[in-house]
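Shown next, in structure tokens, is the structure this report addresses.
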Amino acid sequence: MSKKLSPEEIVKYFKDEFKTKIKDVQVRKKSAGSKKKESYSIWMNIDKSIFKPFVKHLCDLQFPHLAVTSGNDLGKTIELIYHFTLGYGTRFGEIVLNVSVELPKSKPEIETICDYIPGALVTEREKQEMLGVKIVGIPDTRRLFLPDDFPEGVYPWRRDETGLEKLYKNLHEVKK
Amino acid sequence: MKQKTTTKTSYHIPIGPIHPALKEPVYFEFEIDGERIVDVDVKLGHVHRGIEWASRKRNPIQILYLAERVCGICSYSHPAAFTLAVEDAAGIEIPERAEYLRVIQGELERICSHTLWAGVAAHEIGFDTVLYFTWEIRERALDLTEYLTGNRVTKAIMTIGGIRRDITKDMLPTVTKHLNYLKDNFEKLRHAFLDDKTVKIRSQNVGILTKEDALKLCAVGPTTRASGVKKDVRVDTSYFAYGDLDVDYMTPDVLTGEINGDVYDRIIVRLLEVKQSIDLIEQCLDKMPSGDIIAEPKPAKLLSQLKKASGEGVGRHEAPRGEVIHYVKLNENEDAPYTWKIRAPTYNNILPWIPMLKGEQIADIPIVAASTDPCMSCTNRVAIVQDNNKYELTKEELHRLSIEKTRRLMKQ
Amino acid sequence: MRFSMLPQVFAQLFKKPWTNKFPAKYQPSNTTAYLKAVSEGKAKINPPIKTPPGFRGKIQYDKEKCTGCQLCIKVCPCEAIEFKPEEKKIKIYLARCCFCSQCNDICPVNALSMSDEFLLAGTDPYEKDLIVE
Numbered sequence: 001m002s003k004k005l006s007p008e009e010i011v012k013y014f015k016d017e018f019k020t021k022i023k024d025v026q027v028r029k030k031s032a033g034s035k036k037k038e039s040y041s042i043w044m045n046i047d048k049s050i051f052k053p054f055v056k057h058l059c060d061l062q063f064p065h066l067a068v069t070s071g072n073d074l075g076k077t078i079e080l081i082y083h084f085t086l087g088y089g090t091r092f093g094e095i096v097l098n099v100s101v102e103l104p105k106s107k108p109e110i111e112t113i114c115d116y117i118p119g120a121l122v123t124e125r126e127k128q129e130m131l132g133v134k135i136v137g138i139p140d141t142r143r144l145f146l147p148d149d150f151p152e153g154v155y156p157w158r159r160d161e162t163g164l165e166k167l168y169k170n171l172h173e174v175k176k
Numbered sequence: 177m178k179q180k181t182t183t184k185t186s187y188h189i190p191i192g193p194i195h196p197a198l199k200e201p202v203y204f205e206f207e208i209d210g211e212r213i214v215d216v217d218v219k220l221g222h223v224h225r226g227i228e229w230a231s232r233k234r235n236p237i238q239i240l241y242l243a244e245r246v247c248g249i250c251s252y253s254h255p256a257a258f259t260l261a262v263e264d265a266a267g268i269e270i271p272e273r274a275e276y277l278r279v280i281q282g283e284l285e286r287i288c289s290h291t292l293w294a295g296v297a298a299h300e301i302g303f304d305t306v307l308y309f310t311w312e313i314r315e316r317a318l319d320l321t322e323y324l325t326g327n328r329v330t331k332a333i334m335t336i337g338g339i340r341r342d343i344t345k346d347m348l349p350t351v352t353k354h355l356n357y358l359k360d361n362f363e364k365l366r367h368a369f370l371d372d373k374t375v376k377i378r379s380q381n382v383g384i385l386t387k388e389d390a391l392k393l394c395a396v397g398p399t400t401r402a403s404g405v406k407k408d409v410r411v412d413t414s415y416f417a418y419g420d421l422d423v424d425y426m427t428p429d430v431l432t433g434e435i436n437g438d439v440y441d442r443i444i445v446r447l448l449e450v451k452q453s454i455d456l457i458e459q460c461l462d463k464m465p466s467g468d469i470i471a472e473p474k475p476a477k478l479l480s481q482l483k484k485a486s487g488e489g490v491g492r493h494e495a496p497r498g499e500v501i502h503y504v505k506l507n508e509n510e511d512a513p514y515t516w517k518i519r520a521p522t523y524n525n526i527l528p529w530i531p532m533l534k535g536e537q538i539a540d541i542p543i544v545a546a547s548t549d550p551c552m553s554c555t556n557r558v559a560i561v562q563d564n565n566k567y568e569l570t571k572e573e574l575h576r577l578s579i580e581k582t583r584r585l586m587k588q
Numbered sequence: 589m590r591f592s593m594l595p596q597v598f599a600q601l602f603k604k605p606w607t608n609k610f611p612a613k614y615q616p617s618n619t620t621a622y623l624k625a626v627s628e629g630k631a632k633i634n635p636p637i638k639t640p641p642g643f644r645g646k647i648q649y650d651k652e653k654c655t656g657c658q659l660c661i662k663v664c665p666c667e668a669i670e671f672k673p674e675e676k677k678i679k680i681y682l683a684r685c686c687f688c689s690q691c692n693d694i695c696p697v698n699a700l701s702m703s704d705e706f707l708l709a710g711t712d713p714y715e716k717d718l719i720v721e
């Protein structure tokens with residue numbers, strides 16, 4: 001894709017399609033170096049119901065590069081943030097798009113995007129085991145980073161009672 | 177009674193976490209038919225140390241040193257991406273001289289990493305003379321690192337808001353002497369590696385990754401540039417001082433004019449990047465402005481400034497192996513960040529191993545896997561389960577298989 | 589070309605090896621006997637290559653200047669520094685130190701500095717040579 005997209009155009013492209021389901025849009029600009037060239041990043045918060053159509057809409061615009069997905073435990077909800085980048089291939093053309101989706105803790109489920117972006121398999125498996133999020137339709141449900149004999153129901157990234165508080169020991173208390 | 181017809185079953189070879197010539201403990205299970213690989217399965221997680229969890233009770237300055245120990249070879253890239261994320265979240269401005277110095281340190285690390293990789297790749301083929309030659313070149317680059325930062329590997333030179341040590345005028349003669357040595361020897365290195373007939377036979381048309389696969393599996397770094405996809409954080413975004421310098425995507429058609437996506441192309445991309453790094457360091461030394469090197473020189477004030485800051489930030493850097501991305505969330509009145517997520521570049525390059533290895537021979541596993549430059553060293557053991565007998569192949573055996581193939585090809 | 593490394597290999601035949609032979613040219617058959625001979629003056633140890641200025645070696649602590657503000661303890665990533673409340677001075681455990689020199693930067697009275705000593709191996713993490721106070 002040789003056309004250089006500006007961040008405002010991208011935000012408008014999504015807002016035209018999904019209107020009110022996109023909230024908290026923020027466009028950040030950073031300049032670096034002596035010549036002060038700028039780079040942009042977009043942060044937005046979307047509703048869980050439009051997640052899969054959103055990703056399809058994004059792939060129609062330009063095939064994105066999925067860097068990673070990070071997760072936060074916010075008390076009553078779990079927030080997943082997908083970090084995409086668009087516009088690679090041209091000098092100063094890349095725009096980072098950070099999309100966050102909130103899931104209630106009573107039903108932490110979300111659809112997979114592996115059918116659109118096969119490279120998302122590794123990061124989705126990680127969310128399943130670390131946060132307890134159930135990814136519907138994922139082709140491979142095995143554990144990724146945790147060993148197989150790790151107890152079920154313990155999710156290391158969470159900060160509530162399913163977290164790791166009972167499982168770790170301090171070295172200096174154990175050894176000397 | 178009818179004789180049961182024998183069907184051809186395929187063997188499964190588990191190449192365990194501690195294993196051949198691959199530098200990262202990864203578990204593979206190969207399904208092979210004779211000598212050809214039919215299918216590959218990958219499992220990770222053997223060096224999971226809980227680093228992100230250890231950051232929950234440390235303040236950002238302590239986390240810098242924790243980030244440095246994620247990986248020994250990319251020990252500058254992880255603190256660099258972390259400081260970019262914290263500066264994005266807290267809104268800290270960096271002086272211009274610090275940005276140029278950061279570029280110099282990053283490119284120096286890239287030279288050390290790529291020459292180490294060139295030696296290891298030659299060792300996989302069986303070409304040990306080139307291993308010793310490239311590692312001697314690397315020693316001079318490490319001497320320069322020790323002179324500039326105080327230590328060869330754990331550099332401890334990054335800090336939030338700038339950089340810890342400056343390059344003063346009286347340090348410049350040593351720096352230029354080392355750079356000239358590297359420039360003179362680069363041509364010998366290129367000639368030894370790229371013009372050699374054996375290297376060409378072993379690495380051309382082996383381990384091919386097509387452009388569509390590289391795009392769809394989100395591969396990063398020289399692995400994807402060798403397949404023709406133009407992805408490089410230094411060219412795409414403007415961070416540190418790369419916006420002022422003359423950088424371009426290094427794809428194999430710069431040297432040979434065509435793109436195959438095989439192991440030979442990856443060797444070309446990495447050697448071209450060494451030349452590009454030497455060139456970038458010289459550009460930086462010429463253009464560097466004078467001024468401060470750190471935004472807030474007193475660490476105690478910096479800590480209280482970070483404690484009051486809140487927000488989320490993302491930092492990306494082009495490490496020698498690809499794109500490193502860190503995500504940090506800071507909360508107000510808390511010392512430690514609420515969340516810290518690291519994604520090292522090798523994790524995106526694991527999935528491309530599957531299309532690369534299908535259809536290859538077992539003796540090609542070391543060179544194909546080493547060509548994506550996975551990050552960490554290790555030893556190995558291979559267990560082959562055949563019928564009901566179990567016997568083990570050690571690293572020497574697999575290495576011997578790889579060298580024997582080279583000898584066979586050379587005789588043809 | 590078939591043997592592209594040949595010119596380098598030939599040139600190496602006439603050059604001295606680049607390695608510095610520290611501590612001795614060949615490994616002694618009995619290390620403890622060799623070390624005893626060195627302390628009596630009968631054998632010599634080749635010195636290691638000199639470290640550049642700014643090398644981060646063993647930490648040096650100036651006790652008089654220290655005011656007991658505990659800022660170094662706050663910033664040490666390895667928790668290698670302990671506070672002694674009765675004297676208001678610190679104690680550094682070298683077995684845990686990672687030689688980052690961040691404590692040097694934060695000390696308001698410059699009581700800490702890094703020397704160029706790097707031969708610090710010992711058998712017990714709490715022995716006297718590995719504690720600076």
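Protein chains in written order, with my numbering: chain A, 1 to 176; chain Z, 177 to 588; chain Y, 589 to 721. We treat Cβ as the ideally placed atom computed from N, Cα and C, and that holds for glycine. Note that this is a predicted model, so its numbers are computed, not measured.
At a cut of 8 Å, does the region 328-339 of chain Z reach the region 368-384 of chain Z through at least three beta carbon pairs? Result no; under three Cβ-Cβ pairs closer than 8 Å.
Proximal chain Y residues relative to THR305/Z, where beta-carbon distance stays under 8 Å: Those are MET593, GLN596, VAL597, listed as they occur along chain Y.
Do you know how far the Cα of ILE194/Z is from the Cα of VAL490/Z? Rounded to the nearest angstrom, the two C-alpha atoms are 33 Å apart.
How should TYR276/Z be labelled, buried or exposed, when 16 other C-beta atoms within 10 angstroms of its C-beta is the threshold for buried? TYR276/Z comes out buried.
Contact under 8 Å by Cβ, ILE10/A with LEU86/A: In this structure, LEU86/A lies closer than 8 Å to ILE10/A by Cβ.
Cβ of PHE671/Y within 8 Å of any chain Z Cβ: Chain Z, which has no Cβ nearer than 8 Å to the Cβ of PHE671/Y, makes this no.
For VAL382/Z, I'd like the list of residues in its chain whose CB is within less than 6 Å of its CB, leaving aside the five on either flank, ordered along the chain. Closer than 6 Å at the Cβ level, and outside the excluded window around VAL382/Z, lie ASP438, VAL439, ASP540.
By the three-class DSSP mapping on this structure, what secondary structure does ASN45/A have? The DSSP-derived three-state label of ASN45/A is strand.
HIS224/Z (DSSP reduced to helix, strand or coil): Under the three-state reduction of DSSP, HIS224/Z is assigned to coil, being neither helix nor strand.
Span of the beta strand (DSSP E), counted from its first residue to its last, around PRO190/Z: Segment 187-191, the beta strand (DSSP E) holding PRO190/Z.
Could you spell out the range, first to last residue, of the beta strand (DSSP E) harbouring GLN537/Z? From DSSP, GLN537/Z is part of no beta strand (DSSP E); its letter is neither H nor E.
Step through the CB atoms of chain A and report whether any lies within less than 8 Å of the CB of ASP319/Z. Cβ-Cβ to chain A under 8 Å: no for ASP319/Z.
Which residues share a DSSP beta bridge with MET130/A? None, per the DSSP bridge assignment.
Contact list for SER689/Y against chain Z, beta-carbon separation under 9 Å: At a C-beta separation below 9 Å, SER689/Y has these neighbours in chain Z: GLY326, ALA332, ARG340.
Interface residues of chain B around ARG234/Z at Cβ under 8 Å? No chain B is present in this structure, whose protein chains are A, Z and Y.
Using the rule of at least 16 other Cβ atoms within 10 Å of the residue's Cβ for burial, across every protein chain shown, is PHE671/Y buried or exposed? It is exposed - the Cβ of PHE671/Y has fewer than 16 other Cβ atoms within 10 Å.
Could you give the DSSP three-state label for ILE135/A: helix, strand or coil? ILE135/A falls in the strand class under three-state DSSP.
Please report the distance separating the alpha-carbon of PRO465/Z from that of LEU421/Z. Spanning the alpha carbons of PRO465/Z and LEU421/Z requires a straight line of approximately 13 Å.
Alpha-carbon spacing of LYS483/Z relative to ILE117/A, whole angstroms: About 38 Å.
Please decide whether ARG497/Z counts as near chain Y, where near means a Cβ-Cβ distance under 8 Å. False, the Cβ-Cβ gap to chain Y never drops below 8 Å.
Threshold first: 4 residues or longer. Then list the alpha helix (DSSP H) segments lying entirely within the region 435-467 of chain Z, N to C. If only complete runs of 4 or more residues are kept, the region 435-467 of chain Z shows the alpha helix (DSSP H) at 439-463, in order along the chain.
For the alpha helix (DSSP H) that ALA32/A lies in, which residues bound it at each end? Per DSSP, ALA32/A belongs to no alpha helix (DSSP H); it is in the beta strand (DSSP E), 22-32.
Going along the region 407-426 of chain Z in order, which residues come within less than 9 Å of chain A, judged by CB to CB distance? Listed by position along the chain: LYS407, ASP408, VAL409, VAL411, ASP412, THR413, SER414, TYR415, PHE416, ALA417, TYR418, GLY419, ASP420, LEU421, VAL423, ASP424, TYR425.
Positions along the region 518-531 of chain Z whose CB lies within less than 8 Å of some CB in chain A: Result list: ARG519, TYR523, ASN524, ILE526, LEU527.
Partner residues on chain Y for TYR241/Z, Cβ-Cβ distance less than 7 Å: Near TYR241/Z (Cβ distances below 7 Å), the residues of chain Y are PRO665, CYS686, CYS688.
Going by beta carbon distance, what residues of the same chain come within less than 8 Å of ASN634/Y, once the five residues before and after it are set aside? Shown here for ASN634/Y: same chain residues with a beta carbon closer than 8 Å to its own, the five before and five after excluded, namely ASN608, LYS609, PHE610, PRO611, ALA612, LYS613 in chain order.
For GLN537/Z, which option in ASP215/Z, PRO550/Z, THR185/Z has the closest C-alpha, if you only look at C-alpha atoms? If we check each option's Cα against that of GLN537/Z, ASP215/Z comes out closest.
Give me, in chain order, the residues of the same chain whose beta-carbon lies closer than 8 Å to that of ILE719/Y; leave out the 5 immediate sequence neighbours on both sides. Spatial neighbours of ILE719/Y in its own chain (CB-CB distance under 8 Å, excluding positions within 5 residues in sequence) are listed in chain order as LYS679, ILE680, TYR681, LEU682.
What does the Cβ neighbour count give for HIS254/Z, buried or exposed, with the cut at 16 atoms within 10 Å? Under this definition HIS254/Z is a buried residue.
Would you call the region 69-77 of chain A and the region 512-523 of chain Z in contact, with 3 or more CB pairs under 8 Å? Short answer: they touch.
CB-CB under 6 Å to THR639/Y, same chain, minus the five flanking residues each way: which ones, in chain order? Correct list, in chain order: ASP704.
Any beta carbon of chain A sitting closer than 8 Å to that of ILE457/Z? No, ILE457/Z does not count as interfacial toward chain A.
Under the three-state DSSP convention, the category PHE206/Z falls into: Here PHE206/Z sits in strand by DSSP.
According to DSSP, is PHE671/Y helix, strand or coil? PHE671/Y falls in the strand class under three-state DSSP.
Outcome for TYR714/Y when other beta-carbon atoms lying within 10 angstroms are tallied against a minimum of 16: So TYR714/Y ends up on the exposed side.
CB ILE237/Z to CB VAL663/Y, shorter than 8 Å? Yes.
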